[in-house]
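Data first, discussion second: the structure below is written as structure tokens.
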Amino acid sequence: MGEFEQKVYCFLVLFAVGCAYPTKKLECNEQREHVCEISNFTIVESMDLSEYEFPDHPHLAFGTFPHSDDSTYVVTISKELADLLQSTEKLEMQNVSLQSMVLWQNLRSLDASHNNFFELFVEPGQNYQLRELNLSYNRFQAIDFVQALPALRTLDLRHNYLESLDFSLFDMATELWKLNLANNRIQTISTSGSLHLPRLSSLMLNDNMLSVLDASEWRFSMLQELNVARNRLRYLSMCEVNHSFPHLQMLYMDENRWDCGHLNATMRQLHLLSVKPMSYYTTEDVEPCPKSVEEICCY
Ligand SMILES: *[C@@H]1O[C@H](CO)[C@@H](O)[C@H](O)[C@H]1NC(C)=O
Ligand SMILES: *[C@@H]1O[C@H](CO)[C@@H](O)[C@H](O)[C@H]1NC(C)=O
Ligand SMILES: *[C@@H]1O[C@H](CO)[C@@H](O)[C@H](O)[C@H]1NC(C)=O
Ligand SMILES: *[C@@H]1O[C@H](CO)[C@@H](O)[C@H](O)[C@H]1NC(C)=O
Ligand SMILES: *[C@@H]1O[C@H](CO)[C@@H](O)[C@H](O)[C@H]1NC(C)=O
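Using mature numbering (1 follows the signal peptide of the UniProt record, and there is no 0), the letters of the sequence shown map in sequence onto residues -20 to -1, 1 to 279.
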């Protein structure tokens, strides 16, 4: 080959390589108004995303939930992908086999329910705006990331794998309004130092394995609804209830191991404080228990 032919050959090779990796533009479905829905697409860990162009849209959805969709997988949101999604403020990715994700500052609302999600990465010192976080039906065992999310208003962690929890993680979550920790395997909740959550209005702890609820360090001055149904509690400290939850209105307490003597006294004090004791689970199919106080079983 002469020099000229060599140059042409090189050019052709480069051109061919360039053509083999064009930018692939991901298109939004027309299914939902104001939402850019991306389906029929797979993102796995080892993938090179530089060849894709993601839509620049404030409200993105991966997958077609609640409609059945087995064509869309987003196994991980890497740092690289998080950087590409900077302008997205609202993200839905339900039932897409998600396992881990890097958060970005502008994201305000994330619904990642019904996945295998167990790790949400945050960087210290970032100004995260996340307000609504739905992680229900996943595999979280630890939630240290909440420390980096001072703007959180609702956190749904129903149906995860939590076993113990340090409530001091919520120290900075002064905007937190609703916290749902139901249907986990929580045996202990600890708190180091006093914890003031001035806006918390609803706390769901039902269907866990709590045998003690130590609220002595809590001051949840706006809490209206507390659900401890289906745990292993024998008694509640009414002194703590009065002090920690001064605005409590509803207390769900069925399906525990209440001591009858205590429960009897507790009920009287609840009425004095205008707190309504309630049952959360319908007990129609269950055999009536041998002893009860106001339809709450005791032993
Ligand atoms: C899904 O994408 C593949 C190419 O990646 C295409 O061949 C197929 O027709 C698409 N299916 C639907 C339902 O859009
Ligand atoms: C998730 O998607 C699969 C199909 O990929 C479907 O079989 C399953 O029912 C879906 N689960 C939920 C909770 O929607
Ligand atoms: C979170 O997602 C689940 C399942 O997709 C849904 O039932 C629930 O209402 C959502 N939680 C909130 C607080 O919106
Ligand atoms: C509840 O606490 C207040 C002060 O915080 C007190 O005045 C009141 O007597 C207490 N009520 C009961 C029933 O313990
Ligand atoms: C509750 O206390 C009342 C009297 O204060 C008593 O008559 C009743 O038997 C007690 N019930 C139980 C289940 O201990």
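Cβ coordinates follow ideal geometry from the N, Cα and C atoms, glycine included. All of these numbers come straight from a predicted model, not from anything done at the bench.
For residue i, the residue or residues it bridges with in DSSP
| i | result |
| --- | --- |
| Trp198 | Leu175 |
| Ala41 | Glu17, Glu72 |
| Ser108 | Here residue 108 turns out to be Tyr, not Ser, going by the sequence shown. The partner list for Tyr108 (beta bridge, DSSP) is empty, contrary to what the question assumes. |
| Thr134 | Glu112, Lys158 |
| Lys4 | Tyr32 |
| residue 283 | With the chain represented from -20 up to 279, any question about residue 283 goes unanswered, as that position is not in the structure. |
| Met258 | Tyr232 |
| Ile123 | In the DSSP output, where bridge partners are listed per residue, Ile123 has none listed. |
| Asn22 | The question names Asn, but residue 22 in the sequence shown is Thr. DSSP, once it has assigned bridges, lists Tyr53 as partnering Thr22. |
| Ile169 | Leu145 |
| Phe101 | Val82 |
| Met184 | Asn160, Asn207 |
| Val221 | None, per the DSSP bridge assignment. |
| Leu253 | Paired residues: none, contrary to the question. |
| Ser48 | Bridge partners of Ser48: none, in fact. |
| Asn9 | Glu17 |
| residue 303 | With the chain covering only -20 through 279, there is no way to say anything about residue 303. |
| Leu90 | Leu71, Leu113 |
Cβ distance (whole Å) where residue i is taken to contact residue j below 8 Å
| i | j | result |
| --- | --- | --- |
| Phe120 | Leu137 | 6 Å |
| Met73 | Val102 | The pair is not a contact, with the Cβ atoms about 18 Å apart (cut-off 8 Å). |
| Met230 | Glu274 | Not quite, the Cβ-Cβ distance comes to about 14 Å (not below 8 Å), so this is no contact. |
| Leu132 | Arg111 | 6 Å |
| Leu156 | Leu177 | 6 Å |
| Leu183 | Leu159 | 5 Å |
| Leu206 | Leu228 | 6 Å |
| Thr68 | Pro104 | The Cβ separation is near 22 Å, so there is no contact. |
| Trp240 | Tyr279 | Strictly speaking, residue 240 in this sequence is Cys, with Trp absent from that position. Between Tyr279 and Cys240 the Cβ distance is about 7 Å, and since that is below 8 Å, they are a contact. |
| Leu83 | Leu61 | Not a contact, Cβ separation roughly 12 Å. |
Residue from the options with nearest C-alpha to residue i
| i | options | result |
| --- | --- | --- |
| Met152 | Tyr141, Leu135, Gln127, Leu65 | Gln127 |
| Ser48 | Val76, Val55, Glu72, Val102 | Val76 |
| Val208 | Asn96, Glu143, Glu33, Ser259 | Ser259 |
| Phe21 | Ser51, Cys8, Pro46 | Ser51 |
| Lys70 | His94, Asn114, Ser58 | Asn114 |
| Thr171 | Trp198, Thr262, Lys158 | Trp198 |
| Ile123 | Gln109, Gly105, Phe147 | Phe147 |
| Ser272 | Asn244, Ser174, Gln249, Leu213 | Asn244 |
| Leu161 | Glu13, Asn140, Asn9, Arg12 | Asn140 |
| Leu250 | Met233, Gln66, Ala92, Ser67 | Met233 |
| Phe45 | Pro268, Ala92, Asn222 | Ala92 |
| Asn211 | Thr68, Asp194, Asn186 | Asn186 |
| Glu10 | Ser19, Thr3, Lys4 | Ser19 |
| Thr134 | Arg237, Ser181, Glu99 | Ser181 |
| Ile166 | Leu228, Asp239, Leu145 | Leu145 |
| Phe34 | Glu60, Lys59, Leu64, Ala41 | Leu64 |
| Ser26 | Ser254, Arg88, Ser58 | Ser58 |
| Tyr261 | Glu60, Asn163, Met81, Leu83 | Asn163 |
| Ser196 | Leu216, Arg179, Ala41, Asn188 | Leu216 |
| Pro226 | Val255, Leu100, Ser174 | Val255 |
Environment of residue i [buried if 16+ CB atoms lie within 10 Å]
| i | result |
| --- | --- |
| Val24 | exposed |
| Phe28 | Note that residue 28 corresponds to Asp in the displayed sequence, not to Phe. Exposed: under 16 other Cβ atoms inside 10 Å. |
| Thr107 | For clarity, residue 107 is Asn in the given sequence; the question names Thr instead. Asn107 comes out exposed. |
| Leu252 | exposed |
| Ser30 | exposed |
| Thr168 | exposed |
| Cys277 | buried |
| His94 | buried |
| Gly43 | buried |
| Pro270 | exposed |
| Glu13 | exposed |
| Ser224 | buried |
| Ser116 | buried |
| Thr56 | buried |
| Glu17 | buried |
| Glu235 | buried |
| Thr3 | exposed |
| Asn96 | exposed |
inquiry  = Taking 5 Å as the limit, name every residue whose beta carbon sits nearer than that to some heavy atom of ligand 2, in sequence order.
reply    = Applying a distance threshold of 5 Å between residue Cβ atoms and the heavy atoms of ligand 2 selects Asp50, Asn75, His94, given in chain order.
For ligand 4, residues whose Cβ lies under 6 Å from any non-hydrogen atom = Answer in sequence order: Asn222, Gln249, Leu252, Leu253.
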